[in-house]
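Since the structure comes first, as structure tokens, the remarks are kept for the end.
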Amino acid sequence: MAEELLRVDGIIKRFGGVTALDDVSFSINKGESLTLVGENGSGKSTMIKIISGVYTPDEGDIFINGNHYKKMTPIDSIKEGVQVIYQDFSLFPNLTVAENIALNDLIISGAKTVNWKKVHDFAREGLEKIKVKIPLNALVGELSTADRQLIAISKAILADAKLLIMDEPTTALTRNEVKALFKVVKELNTKGIASIFVSHKLTEVREIGERTIILRNGRKIIDEDAKGLDVKTIEYQMTGRHIDTSSIEYSKPKQDDVLMKVENLNLSHGFFDVSFELHRNEVLGITGLLGSGRTELALALFGQKPADSGTIILEGKEIKIKSIFDATSNGIGFVPEDRIKEGLFLPQTINNNIAAKVIDTLKNKFGLLDLKKKVSLSEEWIKRLNVKTPTGELPASSLSGGNQQRLVLAKWLAFDPKVLILNGPTVGVDVGSKADIHELIRKLASEGMGIILMSDDIPELMHTCNRILLMRRGRIVEDFQRETTNEEDLNNELVASDVEEEAKR
Amino acid sequence: MLKRVLRSNEFVVLLIIIALSLVVGSINPTFFTIASLFDLIRASNVYIILAFALLPVVILGGVDISFVAISAVASYGTHMLLITRGYEGGLFLYFVIGCLIGALAGMLNGFIITKFDLQIFDVSLATQTMWYGFTLFFIGATSNFDMPDGVVGYYSSFITQVSNETTGVTGLHVSIIYVIVIGIFLWWFLKYTMIGRGIYAIGGDKDVAERTGFNIKKITMVVFIIMGVLSGFAGIVQSALSRNFNPTLFIGQNLDVLASVILGGAAIKGGRGTVIGTVLGVILTQIIRRALVLTHIPSEWQKFVVGIILIIFTVIPALNEKRRKNQGRTTDLVEAMEEA
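As you go down the protein sequences, you meet chains A and B in turn. The first sequence begins at 1 in this note's numbering and counts up one residue at a time. The second sequence begins at 506 in this note's numbering and counts up one residue at a time.
Given below as structure tokens:
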């Protein structure tokens with residue numbers, strides 16, 4: 001009989017009038033791995049914060065290692081061995097690997113001075129515990145995301161973690177890195193350390209967790225062995241609605257109507273000899289693993305990282321894209337992957353964000369900004385894209401993730417581009433909003449826009465694209481028609497590049 | 506390890522210093538004399554101590570411009586306090602009182618910044634003006650040339666000296682001892698104490714530092730106390746060397762000191778900076794100044810040249826960063842290309 005590590009019982013947490021968690025109970029045993037899934041606002045982050053002592057539940061009990069808590073402080077939680085690894089990993093980019101790993105311990109022990117030999121020994125031991133090799137003297141800022149994550153894990157293990165909670169740990173990792181991460185965590189599980197993954201990626205849920213808990217609107221919907229769950233079920237249980245993909249109406253591109261033609265495009269350290277055609281009314285997917293060059297290609301087409309050589313022909317005319325300005329003045333729009341950093345002016349109002357790209361067209365006869373025009377334009381797009389907000393005068397930062405993504409789209413759609421490049425348009429967006437965004441993409445294409453969709457989300461590509469190009473090591477290696485391929489084949493091809501690389505090592 | 510040293514900022518500055526010295530020396534051989542070296546050291550000492558005062562603030566992620574005003578109020582205030590009471594002793598009492606005034610003035614900066622969670626620059630802009638104004642209005646508006654008996658000979662307190670027919674007696678001034686002692690202390694403090702590491706941590710990422718458990722208020726206060734003490738100390742050394750105490754000491758020189766600190770490899774956005782780099786940064790600035798005199802280039806050029814070097818020094822790390830970003834996550838690609 002496995003030993004119980006943590007049990008929460010009848011947890012209720014309210015914020016004002018909103019019930020974030022409504023009578024949630026579950027337990028986790030030593031060495032068990034659990035996946036916590038739910039849409040944005042389902043209560044999963046609230047649950048994590050309750051377990052880590054950041055929030056105090058309004059009702060309910062927490063038992064850790066047999067100790068009963070009504071109120072638990074973050075310090076209590078850490079003392080009981082709960083360690084949360086947040087998405088930013090809480091590391092210092094300007095300090096070495098060794099110091100980053102050892103700092104916590106130094107602070108907790110109340111040390112006044114630093115013994116560097118001890119710091120290095122301590123860090124070495126920490127990395128050995130999770131069986132990874134990272135140079136101790138390297139600056140953390142120079143490492144990859146995957147390495148930083150491993151450092152965060154080894155930090156947690158050294159802090160005597162009994163329960164490791166990881167918030168969306170795979171978002172920025174390549175498949176190989178994800179595999180390596182899972183391996184490390186599985187190894188820790190065998191040593192009796194329990195783990196909770198908070199995840200959005202449905203395909204991964206079964207891979208990681210022995211058990212899956214699905215939260216919806218603050219309630220626990222499912223708590224069972226992950227093996228018995230398929231993606232469709234998880235999707236349904238998360239959203240509470242069936243996301244029907246059978247009746248999707250795809251846009252019908254006209255094969256002879258070439259909107260954009262790319263020939264022999266090159267970028268050193270990026271991609272080589274990339275050629276493709278984009279037709280009017282077409283959604284063209286471009287996929288590949290992280291590092292395959294797809295992101296670089298997207299940035300090159302938008303002028304953010306201009307290509308070194310090659311030609312781009314738009315509507316029969318050759319155009320030069322050397323800067324973002326070149327791209328936009330030729331009618332190319334771009335929705336970036338990191339909407340927070342690159343897509344929005346967060347402190348500015350929603351109205352201003354929507355108007356930002358088209359400010360020139362909102363002039364009155366004196367050349368001044370016509371505020372009424374601005375508001376009516378903005379309101380139209382808020383309505384069309386179903387952005388949930390009481391008024392467009394609120395700052396963009398007040399919106400939830402899914403709504404922010406819609407706002408980025410609105411900003412570019414108001415600009416009415418000929419070609420719209422979307423780079424991972426639904427990364428970190430919940431399932432429901434995702435389906436809405438997919439529908440919108442298809443609709444835009446059927447209205448005549450040419451859309452290039454960069455993504456590694458296979459179902460997303462299958463739900464939206466007419467054609468999918470696969471990139472591997474900087475080259476386009478395959479061209480799939482949606483009608484003649486299926487998710488499994490595409491997935492196999494994508495992973496095949498992984499296997500190939502592994503074989504080479 | 507060797508690669509790291511060779512690629513470090515300090516090493517690049519050292520190379521520039523050597524190259525520049527060779528050029529200047531070949532045009533004007535007097536640059537290579539012991540007298541010239543002693544003179545260079547003497548001129549650098551005060552600015553190195555001032556740069557030491559500023560270094561922890563820069564590592565913390567801030568820019569302070571008030572430290573020069575703190576030097577003025579501490580040195581001029583101490584002098585007027587002692588000289589009007591007929592003090593005839595040595596500099597020791599000057600240092601005690603001056604550093605105390607400096608510490609208090611630094612604490613005021615630290616207090617306002619931590620209490621109201623303000624930007625270091627904004628607060629220092631105010632306190633700089635305030636301290637110069639305070640000194641001029643309440644203490645005195647003119648330079649004072651009266652020296653206590655114990656201070657009169659300070660400007661020529663040499664550890665060892667050389668004499669030359671044309672330049673007369675030049676010596677290695679005792680102030681180099683302060684630089685060495687303070688430098689070693691600061692190096693130890695930054696590298697081996699938890700407060701020192703906290704300064705780097707806060708400069709690297711303030712939010713993470715707070716979450717990790719560093720006491721940001723305490724560390725900020727310590728940084729400003731150090732800044733105040735060293736500024737006061739530098740003010741007194743400078744005044745005693747030039748044999749006059751001046752209410753507008755160092756006025757307008759704060760940005761030159763900042764430039765030296767940045768030349769020495771400290772990052773203006775915080776989190777990076779070393780004692781040895783700072784020393785080299787000041788020496789480089791001083792050599793440029795000298796080089797232009799020795800090679801008969803008009804002195805107006807000096808600031809221009811320092812400016813150009815600063816531009817180069819800010820552009821190089823940015824370029825490196827950009828290149829790293831461009832290569833980004835495509836390490837597999839690079840390998841693939843190398844295989845091909």
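C-beta atoms are modelled at their ideal positions from N, C-alpha and C, and glycine is treated no differently. Only a predicted model underlies this, so the values are computations on that prediction, with no experimental measurement involved.
Own chain, CB closer than 6 Å to residue i, minus 5 neighbours either side, in chain order
| i | result |
| --- | --- |
| B/I553 | V684, V784 and V787 |
| A/F15 | none |
| B/Q832 | The predicted position of B/Q832 is uncertain, since its pLDDT is 48 and thus under 50; no value can be drawn from it. |
| A/E510 | As shown, chain A starts at 1 and ends at 505. That puts residue 510 of chain A outside it, with no answer to give. |
| A/G293 | G270, F271, M471 and G474 |
Cβ-based neighbour list, residue i, same chain, cut-off 7 Å, excluding 5 preceding and 5 following
| i | result |
| --- | --- |
| A/T239 | E39, V431 and G432 |
| A/K261 | E277 and I313 |
| A/Y55 | K13, T46 and K49 |
| A/M1 | Confidence at A/M1 is low in this model, with a pLDDT of 49, below 50, so the placement of that residue is unreliable and no value is reported for it. |
Buried/exposed call for residue i, threshold 16 Cβ in 10 Å
| i | result |
| --- | --- |
| A/A396 | buried |
| B/R590 | exposed |
| B/T634 | exposed |
| A/R211 | buried |
| B/S584 | Position check: residue 584 of chain B holds His in this sequence, whereas Ser was assumed. Buried. |
| B/T535 | exposed |
| B/S736 | buried |
| B/Q791 | buried |
| A/A123 | buried |
| A/W116 | exposed |
| A/K133 | exposed |
| B/N751 | buried |
| A/S154 | buried |
| A/N353 | buried |
| A/W381 | buried |
Closer than 8 Å at the beta carbon, the chain B residues around residue i
| i | result |
| --- | --- |
| A/T113 | Y697, T698 and M699 |
| A/I107 | M699, T717, G718 and F719 |
| A/N104 | T717 and G718 |
| A/L164 | Here the premise fails: no neighbours, minimum Cβ distance about 17 Å. |
| A/S90 | V713, R716 and T717 |
Under 8 Å by beta carbon: chain A residues contacting residue i
| i | result |
| --- | --- |
| B/G708 | N94 |
| B/Y705 | F92, N94 and L95 |
Candidates the options, of which the one nearest residue i by Cα
| i | options | result |
| --- | --- | --- |
| B/R716 | A/N403, A/P74, A/I332 and A/V375 | A/P74 |
| B/L559 | B/Y697, B/F719, B/T671 and B/A772 | B/A772 |
| B/Y592 | B/N720, B/D651 and B/G658 | B/D651 |
| A/T170 | A/L150, A/V274, A/I107 and A/D370 | A/L150 |
| A/I512 | A/I107, A/K70 and A/V335 | No answer is possible for residue 512 of chain A: the residues shown for chain A start at 1 and end at 505. |
| A/L259 | A/T113, A/I452, A/L399 and A/I354 | A/I452 |
| A/I324 | A/A307, A/G316 and A/K183 | A/A307 |
| B/V578 | B/W636, B/I588 and B/L691 | B/W636 |
| A/K220 | A/G43, A/D457 and A/L420 | A/G43 |
| A/L181 | A/R482, A/P93, A/H279 and A/G209 | A/G209 |
| A/S144 | A/L163, A/I458, A/E177 and A/G126 | A/E177 |
| A/G310 | A/K320, A/G110 and A/G316 | A/K320 |
| B/G688 | B/P561, B/S541, B/I816 and B/T619 | B/P561 |
9 Å Cβ cut-off: residues of chain A touching residue i
| i | result |
| --- | --- |
| B/T671 | What B/T671 touches in chain A: nothing, since even the nearest Cβ is about 49 Å away. |
| B/R777 | N94 |
| B/Y637 | Those within 9 Å of B/Y637 in chain A number zero; the least Cβ separation is about 34 Å. |
| B/R702 | L95, E99, L103, L106 and V114 |
Presumed contact (8 Å Cβ cut-off) between residue i and residue j, rounded CB distance
| i | j | result |
| --- | --- | --- |
| A/L413 | A/F197 | Wrong, their Cβ atoms sit about 35 Å apart, outside the cutoff. |
| A/G331 | A/P417 | 5 Å |
| A/N281 | A/A20 | Incorrect: roughly 43 Å between the Cβ atoms, too far for contact. |
| A/M454 | A/A298 | 5 Å |
| A/F480 | A/R467 | 7 Å |
| A/A410 | A/V387 | 7 Å |
Beta-carbon neighbours of residue i, restricted to chain B and to distances below 7 Å
| i | result |
| --- | --- |
| A/N266 | None at all; the shortest Cβ gap to chain B is about 12 Å. |
Sequence-distant residues of the same chain with beta carbon closer than 8 Å to residue i, five excluded per side
| i | result |
| --- | --- |
| B/D837 | Because the pLDDT of B/D837 is 37, which lies under 50, any placement of that residue in the model is unreliable, and the number read from its coordinates should be weighed accordingly. So no residue of the chain qualifies. |
| A/E487 | I458, P459 and M462 |
| A/T96 | L136, N137, A138, L139 and V140 |
| A/I130 | L150, I153, S154, I157, V184, E187 and L188 |
Chain D within 9 Å of residue i, Cβ atoms only
| i | result |
| --- | --- |
| A/I165 | No chain D appears in this structure, whose protein chains are A and B. |
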